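Take 0 as the starting number for the sequence shown in numbering that gives the first Met the number 0 and just add one per residue.
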Amino acid sequence: MTHTNGNSDGLSAARKAIIPNRLKDNIEQGKLAHSFSLKLIANIEVVHYAAVSGYDAVLIDLEHGSFGLDITNQLSCAALQAGICPIVRVPANTSDWISRALDGGAQAVIVPHVQNAAEAENVVRCAKFAPIGERSATGGMPILRYANIPAKYGNQVCNEGTTVICMVESVRAVEQAESIAAVPGVDMILVGHGDLTQDMGIPGEFDDPRVGEAFAKVCAAAEKASKNGRLVSVGIGGLHGRPDLIEKLGKKHPNARFAMSGADSVFLLSAMASGAAISQRITQSLST
Numbered sequence: 000m001t002h003t004n005g006n007s008d009g010l011s012a013a014r015k016a017i018i019p020n021r022l023k024d025n026i027e028q029g030k031l032a033h034s035f036s037l038k039l040i041a042n043i044e045v046v047h048y049a050a051v052s053g054y055d056a057v058l059i060d061l062e063h064g065s066f067g068l069d070i071t072n073q074l075s076c077a078a079l080q081a082g083i084c085p086i087v088r089v090p091a092n093t094s095d096w097i098s099r100a101l102d103g104g105a106q107a108v109i110v111p112h113v114q115n116a117a118e119a120e121n122v123v124r125c126a127k128f129a130p131i132g133e134r135s136a137t138g139g140m141p142i143l144r145y146a147n148i149p150a151k152y153g154n155q156v157c158n159e160g161t162t163v164i165c166m167v168e169s170v171r172a173v174e175q176a177e178s179i180a181a182v183p184g185v186d187m188i189l190v191g192h193g194d195l196t197q198d199m200g201i202p203g204e205f206d207d208p209r210v211g212e213a214f215a216k217v218c219a220a221a222e223k224a225s226k227n228g229r230l231v232s233v234g235i236g237g238l239h240g241r242p243d244l245i246e247k248l249g250k251k252h253p254n255a256r257f258a259m260s261g262a263d264s265v266f267l268l269s270a271m272a273s274g275a276a277i278s279q280r281i282t283q284s285l286s287t
């Protein structure tokens, strides 16, 4: 009996220590969660701007940006403090990227270009602790508020609080969506519309019916894998400039509950172009 109480108390302490995963909570509540992508701005203040603006997460993009893990971990910790979910898109399906991003504070990890179940299994192996995966145990993790939690409890709650996201971005990957979603430990399949349309030979033609059919196939695969208490959701990627499509897909597919909805590069260029256009109009008015 004492041993049982000890286990119960230890697990309770671990669950009290872990910082809630806002992305995971929103998805479980059926809400569409939105992230703001970072690949240019390394100052941690931008994370707080994203939080106060109403985003649920920041997506720190190591695939398309020049950030290293030092900056990534600082931004992740800032997001934890700001109450939004730090998501890291790593550049490769390897432990040295996946586990180190998570050790540094990420609550969710996106692995791009997952083509089949074997590659999805490797993602889980690197991202989850035993018995689900083979992630190396460590102490003093940011998502546990640096508390000294025994590994037998910390590993369990970290597995529960970490969102593993496999990105599908090719016709081949869409065809394998059912087997990818079936891999235990995969929490979400994120459809990358940019690379997917490129692979289809219709780059940027997001309104093409074939793109919608591919997305629907992924959603069906995720729904099939969601059973016996397991939830596999679908993410909407690559449509920063098409909020109309994000809304359309979210309404049509109840399990599509995450969207990449903004990016520092996109917003910065838009704001600068708008400001420059105003300046040019003023210059023209003064010269007439």
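For each residue, glycine too, the CB sits at the ideal point set by N, CA and C. Computed from a predicted structure; not experimentally measured.
Exercise. Alpha carbon to alpha carbon, what distance is there between PRO253 and GLY203?
Worked result: The sequence position of residue 203 within the sequence shown is 204, counting from 1. The sequence position of residue 253 within the sequence shown is 254, counting from 1. Approximately 24 angstroms between the Cα atoms of the pair.
For this session: Take ALA150 and list the residues in its own chain whose beta-carbon comes closer than 7 angstroms to its own, dropping the five residues that flank it on each side.
Result: As a working note, residue 150 is residue 151 in the sequence shown. These residues qualify, in order along the chain: ALA136.
Exercise. Where DSSP assigns a beta bridge to HIS252, which residues make up the other side?
Worked result: Stepping through the sequence shown from its first residue, residue 252 is reached at position 253. Answer is none; HIS252 lacks a bridge partner.
Exercise. What residues in its chain sit with their C-beta under 6 angstroms from that of VAL233, if we drop five residues either side in the sequence?
Worked result: For the purposes of this step, residue 233 is taken as the residue at position 234 of the sequence shown. ILE188, VAL217, CYS218, ALA221, ASN254, ALA255, listed in sequence order.
Exercise. From ARG88 to GLN279, what does the alpha carbon distance come to, in whole angstroms?
Worked result: As a first step, residue 88 is located in the sequence shown; it is residue number 89 there, counting from the start. As a first step, residue 279 is located in the sequence shown; it is residue number 280 there, counting from the start. Answer to the nearest angstrom: the Cα atoms are 38 angstroms apart.
Exercise. Below 8 angstroms between beta carbons: does that hold for VAL231 and ALA180?
Worked result: On the sequence shown, residue 231 is found 232 positions in, with the first residue counted as 1. On the sequence shown, residue 180 is found 181 positions in, with the first residue counted as 1. Yes; because the gap between Cβ atoms is below 8 angstroms, this pair is in contact.
For this session: Following the continuous alpha helix (DSSP H) through ILE18, name the residue where it begins and the one where it ends.
Result: Residue mapping note: residue 18 aligns to position 19 of the sequence shown, counting from 1. Here ILE18 belongs to no alpha helix (DSSP H), and DSSP marks it neither H nor E.
For this session: Let me know if GLY200 comes out buried or exposed under the rule of 16 or more other beta-carbons within 10 Å of its beta-carbon.
Result: What you label residue 200 is simply residue 201 of the sequence shown in a count that begins at 1. The residue in question, GLY200, is exposed, as its Cβ has fewer than 16 Cβ neighbours within 10 Å.
Exercise. Are the Cβ atoms of GLY9 and TYR152 separated by less than 8 angstroms?
Worked result: The sequence position of residue 9 within the sequence shown is 10, counting from 1. The sequence position of residue 152 within the sequence shown is 153, counting from 1. Yes, the Cβ-Cβ distance between GLY9 and TYR152 is below 8 angstroms.
For this session: Determine which residues share a DSSP beta bridge with ASP60 and list them.
Result: In the sequence shown, counting from the first residue as 1, residue 60 sits at position 61. Partner(s): ARG88.
Exercise. Are ALA78 and VAL46 touching if we call contact CB-CB under 8 angstroms?
Worked result: As a position in the sequence shown, residue 78 is number 79, starting the count at 1. As a position in the sequence shown, residue 46 is number 47, starting the count at 1. Closer than 8 angstroms, so yes.
Exercise. Going by other Cβ atoms of all chains shown within 10 Å of its Cβ, with 16 needed for buried, is SER284 buried or exposed?
Worked result: The residue labelled residue 284 in the question sits at position 285 within the sequence shown. Exposed, because fewer than 16 other Cβ atoms sit within 10 Å of the Cβ of SER284.
For this session: Verify the CB distance criterion: does PRO19 have a CB-CB separation below 8 angstroms to chain C?
Result: Here chain C cannot be found, since the structure has a single protein chain.
Problem set entry | Cut-off 6 angstroms between Cβ atoms - residues of its own chain near ASP194, not counting five sequence neighbours on either side | Counted from its first residue, the sequence shown places residue 194 at position 195. Answer for ASP194: GLU168, listed in chain order.
Problem set entry | Segment limits, alpha helix (DSSP H) that includes GLY211 | In the sequence shown, the residue the question calls residue 211 occupies position 212. Run containing GLY211: 208–224, per the alpha helix (DSSP H) assignment.
Exercise. Would the beta-carbon of ILE17 fall within 8 angstroms of that of LEU143?
Worked result: Here residue 17 refers to the residue found at position 18 when the sequence shown is read from its first residue. Here residue 143 refers to the residue found at position 144 when the sequence shown is read from its first residue. With respect to LEU143, ILE17 sits close: the two C-beta atoms are nearer than 8 angstroms.
Exercise. Taking buried to mean at least 16 other C-beta atoms within 10 Å of its own C-beta, is ALA126 buried or exposed?
Worked result: Taking the sequence shown and counting its residues from 1, the one referred to as residue 126 is at position 127. By the 10 Å Cβ count, ALA126 comes out buried.
For this session: List the residues that DSSP assigns as beta-bridge partners of SER232.
Result: What you label residue 232 is simply residue 233 of the sequence shown in a count that begins at 1. Note: SER232 sits in a beta bridge opposite MET187.
Exercise. Comparing alpha-carbon positions, which option in ALA270, MET166, PRO208, LEU238 lies nearest ASN92?
Worked result: Along the sequence shown, one-based indexing puts residue 92 at 93. Selection ALA270, MET166, PRO208, LEU238 evaluated against ASN92 yields MET166 as nearest (Cα-Cα).
Exercise. Between the C-alpha atoms of SER34 and GLY236, what's the straight-line distance to the nearest angstrom?
Worked result: Stepping through the sequence shown from its first residue, residue 34 is reached at position 35. Stepping through the sequence shown from its first residue, residue 236 is reached at position 237. Distance between the alpha carbons of SER34 and GLY236: 10 angstroms.
Exercise. VAL210 to ALA12, Cα distance in whole Å?
Worked result: Against the sequence shown, residue 210 aligns to sequence position 211. Against the sequence shown, residue 12 aligns to sequence position 13. Going by the C-alpha atoms only, they are around 46 angstroms apart.
Problem set entry | ALA117 versus PRO19 - alpha carbon distance | Within the sequence shown, residue 117 is the residue found at index 118, counting from 1. Within the sequence shown, residue 19 is the residue found at index 20, counting from 1. Going by C-alpha positions, ALA117 is about 30 angstroms away from PRO19.
For this session: Return the residue from the list VAL122, GLY160, ASP60, ARG21 that minimises the CA-CA distance to ALA81.
Result: In the sequence shown, residue 81 corresponds to position 82, counting from 1. Of the listed residues, the one whose Cα sits closest to ALA81 is ARG21.
Exercise. Does the beta-carbon of GLN28 have 16 or more other beta-carbons within 10 angstroms, so that it is buried, or is it exposed?
Worked result: Translated into the one-based positions of the sequence shown, residue 28 becomes position 29. Burial call: exposed.
Problem set entry | Where GLY191 falls, given that 16 or more other Cβ within 10 Å makes a residue buried | Taking the first residue of the sequence shown as position 1, residue 191 is located at position 192. By the 10 Å Cβ count, GLY191 comes out buried.
Exercise. Helix, strand or coil: which one does DSSP assign to MET140?
Worked result: The residue you call residue 140 lines up with position 141 of the sequence shown. DSSP, read as helix, strand or coil, puts MET140 in coil.
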